[in-house]
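Working notes, beginning with the structure itself.
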Amino acid sequence: MFEARLLRGSILKKVLEAIKDLLTQATFDCDDSGIQLQAMDNSHVSLVSLQLRADGFDKYRCDRNISMGMNLNSVAKILKCAGDKDTVTMKAQDNADTVTFVFESPNQEKVSDYEMKLMNLDLEHLGIPETEYSCTIRMPSAEFARICRDLSQFGDSMVIACTKEGVKFSATGEIGSANIKLAQTASVDKEEEAVIIEMDEPVTLTFACQYLNYFTKATSLSPQVQLSMSADVPLVVEYRIQDIGHIRYYLAPKIEDDDSYIENLRFNLIRCSVQCLSQHTYTVGNNGNKSYTYHVPTRTRMRTNGVDNANTPTSLFPFFCREQDGALLQEQRVALLARLRLLLLLQSALLVSSAVGLDHRVHIDRPV
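So the numbering used here is basically just the index in the sequence shown, starting at one, shifted up by 68.
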């Protein structure tokens, strides 16, 4: 049996509000350590990672590991029925196909319960590697939300530049440009009002304002937000939920140069090749008995027919990989290598045709 009781039921309401605009459905994985959620948005540009520790709940019981697939819009509708001061309890039996939400008023005079059907979601977790970031910024979450809101009025993209002088947020559009600079705070009365910058080397990356504004929906969960950046890796926006856990958003940077464009093209071509194999993985390296593989998405933004969308967010899949024991079968390796050789030739042809303005469409009549 699974049961999680939280006296501060408003926390769950805020968590759902923070993720429901990015995700339509997700799986809550529950074990004796707590509740975890990891899911990507439909465009594969951002990823949400939520952790609620067992010791943060007023009562927590999980007899065996359980995964509950839920429609997040439905969960949000149910949680809206709870008062801000209500106690919220989630219950589910082992191997059940429903989950029950129980709301209790502070004086125990009103008790409501809502049962919702669970979904069978086949969503695989991506391995998020441990990363040492070149720049870490801690700042008031309300200030970050204000910056994202204001700069989105000027353009669809926001440039975040971290240097020894501080951090600069900027955007440019048809009406003009805007720049907001923050220096490290010398001294403040409250720690959550401070701006703290830790930098090993300067970093400048561009991100979609739309997604950053989605992330700021979590502002009410924490007085501070932490931004972690390094060149050519996703931005991490983290809100720590007091005494219970955290919510992290990962956002792929936008493509701004030819090298990034070529790398994204290379990955998409490899993805097309690997889809033809029975195992939808692409081995990129070995470490002992484990092979690191890219997981092939069902939907990935691709560039074809000569369309080059400048500043298009890249997929997160080239950044995150999953660990899988074993390796591909030998005949699949041979087939994959043959396809990769062809793809390298196709890539060269695409780049040449791009340079002379030819049509980029490539047609393959039969598998290699």
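Yeah, the Cβ is synthetic: ideal placement off N, Cα and C, and Gly gets one too. Predicted model only: the values in this text are computed from it and were never measured.
Spatial neighbours of residue i within its chain, please: CB distance less than 6 angstroms, with the 5 preceding and 5 following residues excluded, ordered by chain position.
i, result
"Cys216", "Leu280, Asn281, Thr284"
"Tyr329", "Here Tyr329 scores only 48 on pLDDT, less than 50, and its place in the model should not be relied on; the value that follows carries that caveat. The answer, listed in chain order, is Ile323."
"Asn139", "Gln93"
"Ala229", "Lys236, Thr272"
"Ser288", "Lys82"
"Gln294", "Arg206, Glu306"
"Pro270", "Thr231"
"Glu71", "Arg129, Lys159"
"Ser202", "Asp268, Glu269, Val271, Ser298"
"Phe212", "Val293"
"Arg214", "none"
Please report how far the alpha carbon of residue i lies from the alpha carbon of residue j, in whole angstroms.
i, j, result
"Gly137", "Met207", "34 angstroms"
"Val301", "Ala320", "7 angstroms"
"Ala144", "Lys82", "9 angstroms"
"Val304", "Cys149", "32 angstroms"
"Gln104", "Ser298", "25 angstroms"
"Thr231", "Ile248", "14 angstroms"
"Ile196", "Val113", "14 angstroms"
"Glu242", "Ser111", "26 angstroms"
"Thr157", "Glu183", "12 angstroms"
"Thr240", "Gly234", "20 angstroms"
"Gln252", "Glu200", "21 angstroms"
"Asp268", "Ser296", "12 angstroms"
"Gly124", "Ile312", "4 angstroms"
"Val179", "Arg76", "15 angstroms"
"Ser23", "Ala262", "This structure cannot speak to residue 23, because the chain is shown only from 69 to 436."
"Ile264", "Asp257", "14 angstroms"
"Ala107", "Tyr318", "10 angstroms"
"Glu198", "Leu115", "15 angstroms"
"Lys88", "Glu266", "31 angstroms"
"Glu177", "Ala210", "36 angstroms"
"Asn175", "Leu250", "46 angstroms"
At what residues does the beta strand (DSSP E) containing residue i begin and finish?
i, result
"Ser209", "Here Ser209 belongs to no beta strand (DSSP E); instead the alpha helix (DSSP H) covers 209-219."
"Asn17", "There is simply no residue 17 to check, as the chain begins at 69 and stops at 436 in what is shown."
"Ile323", "Where Ile323 is concerned, there is no enclosing beta strand (DSSP E), given that its DSSP letter is neither H nor E."
"Phe70", "70-74"
"Leu280", "Where Leu280 is concerned, there is no enclosing beta strand (DSSP E), although the alpha helix (DSSP H) it sits in stretches over 277-283."
"Tyr307", "303-309"
"Glu269", "Run containing Glu269: none; DSSP gives neither H nor E here."
"Tyr182", "179-185"
"Leu105", "102-108"
"Val235", "234-241"
"Ser225", "225-231"
"Ser296", "292-297"
"Gln176", "From DSSP, Gln176 is part of no beta strand (DSSP E); its letter is neither H nor E."
"Thr95", "93-99"
Going by beta carbon distance, what residues of the same chain come within less than 7 angstroms of residue i, once the five residues before and after it are set aside?
i, result
"His314", "Gln119, Glu306, Tyr307, Arg308"
"Ser78", "Asp152"
"Gln398", "Model confidence at Gln398 stands at a pLDDT of 47, short of 50, so the residue's coordinates are unreliable; what they give is reported in the following sentence. Once the five neighbours on either side are set aside, Gln398 has no close Cβ partner at all."
"Glu260", "Pro208, Pro291, Gln292"
"Ala122", "Asp100, Ser101, Gly102, Tyr128"
"Met69", "Arg129, Asp131, Gln161, Asp162"
"Asp126", "Arg73, Leu74, Leu75"
Considering only residues of the same chain and omitting the five flanking positions on each side of residue i, which have a CB-CB separation below 8 angstroms?
i, result
"Gly244", "Phe222"
"Asp181", "Thr168, Phe169, Val170, Phe171"
"Leu219", "Met226, Phe237, Ser238, Ala239, Ala246, Ile248, Cys277"
"Gln310", "Ser290"
In terms of residue numbering, what span does the alpha helix (DSSP H) encompassing residue i cover?
i, result
"Asn247", "Looking at the DSSP string, Asn247 is not in any alpha helix (DSSP H); the run it does join, the beta strand (DSSP E), is 244-250."
"Ser78", "78-87"
If I'm right that residue i touches residue j with Cβ under 8 angstroms, what's the distance once you round it to whole angstroms?
i, j, result
"Ser135", "Asp97", "5 angstroms"
"Thr95", "Leu189", "5 angstroms"
"Leu80", "Leu186", "Rounded, the Cβ-Cβ distance is 17 angstroms, inconsistent with contact."
"Arg73", "Thr204", "Between Thr204 and Arg73 the Cβ distance is about 35 angstroms, and since that is not below 8 angstroms, they are no contact."
"Leu52", "Asp109", "Outside the displayed span of the chain (69 to 436) sits residue 52, for which this structure offers no information."
"Ala86", "Ala286", "4 angstroms"
"Asp162", "Arg132", "6 angstroms"
"Cys173", "Arg316", "Residue identity differs from the one stated: residue 173 is Ser in this sequence, not Cys. The pair is not a contact, with the Cβ atoms about 33 angstroms apart (cut-off 8 angstroms)."
- request: Could you tell me which uninterrupted alpha helix (DSSP H) segments, each at least 4 residues in length, are contained entirely in the region 115-148, listed from first to last along the chain?
  value: Segments of the alpha helix (DSSP H) lying fully in the region 115-148: 140-147.
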